[in-house]
Every structure is written in structure tokens, then in C-alpha cells.
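Structure first, commentary second.
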Amino acid sequence: MTVRVCSLLLSTPQLIPPGGYHLVRFPFGAAESYDAHGMHQVAQPDGHTVGDWRTDDRAGLIWPSADGWGALTAMIQWEAGGYTELRDRFVRDPLGLSTGADSTATDHRPPSPGMQCFTKHHEIFGHPGTPVGLMVSHNARASARLVFAEFKLAIHPV
Numbered sequence: 000m001t002v003r004v005c006s007l008l009l010s011t012p013q014l015i016p017p018g019g020y021h022l023v024r025f026p027f028g029a030a031e032s033y034d035a036h037g038m039h040q041v042a043q044p045d046g047h048t049v050g051d052w053r054t055d056d057r058a059g060l061i062w063p064s065a066d067g068w069g070a071l072t073a074m075i076q077w078e079a080g081g082y083t084e085l086r087d088r089f090v091r092d093p094l095g096l097s098t099g100a101d102s103t104a105t106d107h108r109p110p111s112p113g114m115q116c117f118t119k120h121h122e123i124f125g126h127p128g129t130p131v132g133l134m135v136s137h138n139a140r141a142s143a144r145l146v147f148a149e150f151k152l153a154i155h156p157v
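Residue numbers for the sequence shown follow numbering that gives the first Met the number 0, so the first one is 0 and each next one is one higher.
Written as C-alpha cells, this is what we have:
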């Protein structure tokens, strides 16, 4: 069977407010993004249509197009800021649309000098009715700028 890939790219900075985890939102049809199997679409599989990717958290969802073993990868780049900890995680159904939020591969990181650049990889079983997302958090007192992000799913149908 063919591996199905969705590769999302965020090159427009996104302000992430302090407190709690926030879904990283990705534009639709952006340069260097790849979605030949329709896993990140404005018209979503459950009937919802995303109006503005910048404000609708559903723009952060990848909906697996087949049951299978999924390889999740991400690249996250934060602007230097007033935080002492950065957090990120992959989450099945982060908005509670099907099975309820189920986080995995959570990382807590102290900042290094300057810009913060991280990559992560994790593997899970994926299902068409259960979207996945990349969530981030920080502990600064004010919003922090996520300056670049990539989020990818390669699903190997079973």
C-alpha cells in the first residue's frame, strides 16, 4: 500500500498566549506544503468549513486518510522571549471532536540562548475519524512568537 503524507508549513509568525497548550494553526495550500491525500482541507471530513486559518483552531488539524501506523514529525521555532520553559506535544483529537483529546510525546524544554529551534518525532496508530494536532505552550507572562513550524504525518495503511 502507498504511504500517505501530509506536510504542513507555517512561515507566518503566530502569537501564542501564555497558559495552557495551544494548537498550532497552519495555512491551507501554502508554499512547500503537501497534501495529495486531502488530510488538511478547508472543508473538513466532519462537515466543518474553516473560514480563517489564522483564527480557527481547526486549521491545526490533520485528518488521517486511512487507518494505519502514523509517523508524526514537527519542527518548532520560537523567537527569544521571557519564558523559562517551552512545551510541545502531539495530540489525537485535540479539540474533542471524536474520541476526546489524548496527548503523546510531550516535551518540556528550558530555553537556550537566542532563538529556540526544536524537532520531534513520534509514532502512533491513526484513524480517519480522529484528527491529530501539534500543540505548544510557554510560561512567559505575555504572548510569545512562534516564528516557524512544520507538522507532518506519514500514514502507512494497514
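From the three backbone atoms N, C-alpha and C, an ideal C-beta is built for every residue, glycine too.
Beta strand (DSSP E) containing Ala58: first to last residue? Ala58 -> no beta strand (DSSP E), and no H or E assigned at all.
Quick one: residues in its chain with C-beta nearer than 7 Å to the C-beta of Ile15, no 5 flanking neighbours on either side, listed in chain order? His21, Val135, His137, Ser142, Ala143 and Leu145
- Segments assigned alpha helix (DSSP H), at least 4 residues, entirely inside the segment 11-78: none
With 16 other CB atoms within 10 Å as the buried threshold, where does Ser111 fall?
-> Within a 10 Å sphere around the beta-carbon of Ser111 sit fewer than 16 other beta-carbons, which makes this residue exposed.
### Query
According to DSSP, is Pro156 helix, strand or coil?
strand
* Asked: Helix, strand or coil for Ala100 per DSSP?
  -> coil
Local conformation of Val135 per DSSP, three classes = strand
- Decide if His126 is buried, meaning its Cβ has at least 16 other Cβ atoms within 10 Å, or exposed. buried
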